[in-house]
Amino acid sequence: MQVLLLGAGTVTSRLNLQLAEQGHAVVAQIAAFTQQHLDLFDFRAVVVVSPEASTSPESLVQAAERGKLIFVIAGVGDGMSAWANGVGVPALAYPPSEMDVNKLFEEMRRAEAGNLAADEQYRRAVLGSDLSARLQSGMAVRKIAITSPKGGTGKTTVAVNLAVALALSGITTYLVDADGNAGALQYHLRMERVNTTMIGLLRREVAKAGRGVMSDVASGAAYLNAFTALENLPTLRVLPGLITDDLGDEVLQQEDKVSEVIQGLYEAGVAAGGVVIMDVGINPAHVVHRAALKAAEGIAIVIKPEIPDLAETRRWIARMIRSLAHVVGRNSAHEFIGSRVKLCYNQVVGDGFKSAHKLLQQALSEEQIELALIPNGILPIVDPRLAAQAVNSDRREDILVWRYKKEKLEELGPFADALLGFAAHFVPAVREGSARIGLLPNARKKRGWFRR
Ligand SMILES: Nc1ncnc2c1ncn2[C@@H]1O[C@H](COP(=O)(O)OP(=O)(O)OP(=O)(O)O)[C@@H](O)[C@H]1O
Ligand SMILES: [Mg+2]
70 MQVLLLGAGT VTSRLNLQLA EQGHAVVAQI AAFTQQHLDL FDFRAVVVVS
120 PEASTSPESL VQAAERGKLI FVIAGVGDGM SAWANGVGVP ALAYPPSEMD
170 VNKLFEEMRR AEAGNLAADE QYRRAVLGSD LSARLQSGMA VRKIAITSPK
220 GGTGKTTVAV NLAVALALSG ITTYLVDADG NAGALQYHLR MERVNTTMIG
270 LLRREVAKAG RGVMSDVASG AAYLNAFTAL ENLPTLRVLP GLITDDLGDE
320 VLQQEDKVSE VIQGLYEAGV AAGGVVIMDV GINPAHVVHR AALKAAEGIA
370 IVIKPEIPDL AETRRWIARM IRSLAHVVGR NSAHEFIGSR VKLCYNQVVG
420 DGFKSAHKLL QQALSEEQIE LALIPNGILP IVDPRLAAQA VNSDRREDIL
470 VWRYKKEKLE ELGPFADALL GFAAHFVPAV REGSARIGLL PNARKKRGWF
520 RR
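Residue numbers 70 to 521, in this note's numbering, belong to the letters of the sequence shown in order.
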């Protein structure tokens, strides 16, 4: 493992030799550690010999935010030891006995084998162990499809910002581009190198058919490995989707395989303790979309509060209910849709969405569709310049909520706040997490018209 070793005394020097003997590469041994060293050196883990080094918990949290693993050696009364124990970072006594040093190597081996994950360290370092445990157990809806009955309403914007907001707040989030019309997720996230893509995964699974059944555990691991981790946000993993060239690919003809892969992705992410978000294109009849919608626990419908979107939404819901009613009966179909659909009005100006929502309800009841839909999300329109930078700049951190966390631009506050309100319908504790990392605007808005 590539290690950055912090400390300048005899214990550190001895450890340097021992690390090398164990096959680790010490990229540098430095006495004082600050954020700038994160860009200077390429390493996977930081080993802090606290009494011989100068650094701070804040700098180590920044390292955790960049996916670095942290190991601490500190005296009992040392503040660093209290911090490490408080957030669950492995901490050993100073000066370390031979046994302590062996324990350190053991922890590092566990980390290399994937048993001490960077996302877990990020979560504990930025939230503390108490809140991170609460967040992990308090997820209500873990399989989320984000779709819309019309193009260009903001599906990808909502999917990306929801994923980034959850991930920044400490929740391991698996973001999948499941848009059969080419969703362009990799551009939103500025991904140059990816492990694989949706089409790659489908081809792999189709090729595997007939070569014996893999165990569930092994295939779960294969699905997880398909995701690409972002080096500056260890809690976010992304699977890019189809590009235009893939749209006619014959693997898309094999509906059972497509369905198996989509379900496998949902299951693997949930089994790994995370939330899975799929950006699902328009047209619920597309094989990829059908599979992603069918297996979702929550279906976010992103629309603009405008007549064309409302009309299409009414048709979309009616059609979903009709096609489900064939299989499970009309009442169950209503229940399925009613319990899963979360409406998200996007690009909202003022409170015009209220009359729009009334129109939608009227239209549904004219079709004899009795659904108590409420606007679960009401996302304001943001300055077009910021919206453009969110996808066009060369900085991934310009994604709207990420930018809000970093720069606290006043113009983005209402969007961040509204987005987190929407996110709380899936993960109720997310507001606590986001408040702790400074993602929530301080002046809390009064409770919205429809908020529950
Ligand atoms: N709340 C918002 N405020 C301002 N601009 C927005 C907002 N949400 C989305 N946009 C802009 O609207 C455009 C369409 O957004 P996006 O690509 O997310 O939609 P989509 O539904 O995924 O589209 P497609 O159907 O092509 O996949 C983009 O230019 C995006 O920047
Ligand atoms: Mg899109």
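We treat Cβ as the ideally placed atom computed from N, Cα and C, and that holds for glycine.
Exposure label - residue i; buried when at least 16 CB within 10 Å
i      : result
Val396 : exposed
Ser503 : buried
Thr313 : exposed
Phe296 : buried
Phe102 : buried
Asn230 : buried
Val227 : buried
Arg516 : Confidence is the limiting factor: at Arg516 the pLDDT is only 49, short of 50, which leaves the residue's position unreliable, though a coordinate-based value still follows. Exposed, since its Cβ has fewer than 16 Cβ neighbours within 10 Å.
Ala354 : exposed
Ala337 : buried
Ile376 : exposed
Asp108 : exposed
Leu200 : buried
Leu238 : A small correction: the amino acid at residue 238 is Ser; Leu does not occupy that position in the sequence shown. Buried is the call here.
Leu86  : exposed
Gly545 : Nothing can be reported for residue 545, as the shown portion of the chain is limited to 70 through 521.
Close-in-space but distant-in-sequence residues of the same chain around residue i (CB under 6 Å, 5 per side omitted)
i      : result
Pro159 : Phe140, Glu176
Pro444 : Leu412, Tyr414, His426, Phe519
Gln71  : Ala94, Val96, Phe112, Arg113
Gln458 : Asp467
Ala194 : Val130, Ala133, Val156
Glu381 : Pro218, Lys219
Close beta carbons around residue i, own chain, < 8 Å, minus the five adjacent residues each side
i      : result
Val601 : Residue numbering for the chain in the displayed model covers 70 to 521; residue 601 lies beyond these limits and cannot be assessed.
Gly144 : Ser119, Pro120, Ser150, Ala162, Tyr163
Asn301 : Glu134, Arg135, Gly136, Arg465, Glu466
Glu329 : Glu274
Leu440 : Ile386, His403, Ile406, Gly407, Val410, Leu433
Ala89  : Val95
Asp378 : Ser217, Pro218, Lys219, Thr222, Ile372
Gly197 : Gly155, Val156, Arg505
Candidates the options: closest to residue i by CA position
i      : options                        : result
Thr79  : Phe102, Val115, Ser119         : Ser119
Met260 : Lys477, Ser123, Leu107, Leu244 : Leu244
Ala361 : Val410, Pro483, Ala214, Pro449 : Ala214
Ala114 : Tyr473, Arg306, Ala337, Val96  : Val96
Thr222 : Leu429, Arg454, Val371         : Val371
Leu509 : Lys474, Phe495, Ile386         : Lys474
Leu442 : Gly398, Arg383, Pro453         : Arg383
Asp325 : Asn352, Val356, Ile351, Gly317 : Val356
Leu138 : Asp188, Asn154, Thr124, Phe110 : Asp188
Ser125 : Phe110, Ala153, Gln98          : Ala153
Gln322 : Leu271, Pro353, Ser408         : Leu271
Asp452 : Ser166, Val418, Thr242         : Val418
Glu29  : Gly239, Phe491, Gly269         : The chain is shown from 70 up to 521; residue 29 falls before or after that span and cannot be answered.
Arg388 : Asn171, Glu181, Pro218, Gly76  : Pro218
Gly522 : Ala122, Val170, Ala202         : The question about residue 522 has no answer, for the chain in this structure spans 70 to 521.
Ile368 : Phe491, Arg306, Glu479         : Phe491
Asn264 : Lys277, Arg505, Arg306         : Arg306
Glu366 : Ala232, Phe495, Asp108, Val499 : Phe495
Trp471 : His106, Ala236, Asp199         : Ala236
Leu293 : Leu258, Ala276, Gly76, Gln332  : Gln332
Arg262 : Val130, Asn352, Ala298         : Ala298
Gly249 : Phe110, Gly350, Gly446, Ala182 : Gly350
Cβ neighbours of residue i in the same chain (closer than 7 Å, five flanking residues each side left out)
i      : result
Asp246 : Gly252, Leu254, Met267, Leu308, Pro309, Gly310, Asp348
Gln91  : Phe174
Lys514 : Since pLDDT at Lys514 reaches only 47, below the 50 mark, its modelled position is unreliable, and no value is offered.
Pro483 : Pro449
Leu428 : Leu379
Arg521 : Caution applies to Arg521, whose pLDDT of 41 falls short of 50 and renders its modelled position unreliable; the model cannot decide the point.
Leu481 : Val451, Leu455, Leu469, Arg472, Tyr473
Residues sharing a beta bridge with residue i, DSSP
i      : result
Gln531 : A query on residue 531 cannot be resolved here, the shown segment of the chain reaching from 70 to 521 and no further.
Leu138 : Ala114
Val307 : Leu244, Thr297
Leu302 : Leu299
Pro449 : Val417
Met123 : A small correction: the amino acid at residue 123 is Ser; Met does not occupy that position in the sequence shown. Bridge partners of Ser123: Ala101.
Pro444 : Leu412
Below-7 Å beta-carbon distance, residue i vs any chain B residue
i      : result
Pro164 : Considering every chain present, this structure includes no chain B. It has just one protein chain.
So within the stretch 332 to 385, which uninterrupted beta strand (DSSP E) runs reach at least 3 residues, ignoring any that extend past its ends?
344 to 349, 367 to 372
Could I get the ranges of all uninterrupted alpha helix (DSSP H) runs contained in the stretch 410 to 440, with 4 residues as the minimum, in chain order?
422 to 435
Those runs of the alpha helix (DSSP H) which lie wholly inside the stretch 131 to 181 and span at least 4 residues
148 to 156, 167 to 181
Which residue spans inside the stretch 188 to 275 form an unbroken alpha helix (DSSP H) run of at least 4?
198 to 206, 224 to 237, 254 to 257
What are the uninterrupted segments assigned as alpha helix (DSSP H) that are 4 or more residues long and contained completely in the stretch 464 to 499, given in chain order?
469 to 476, 482 to 492
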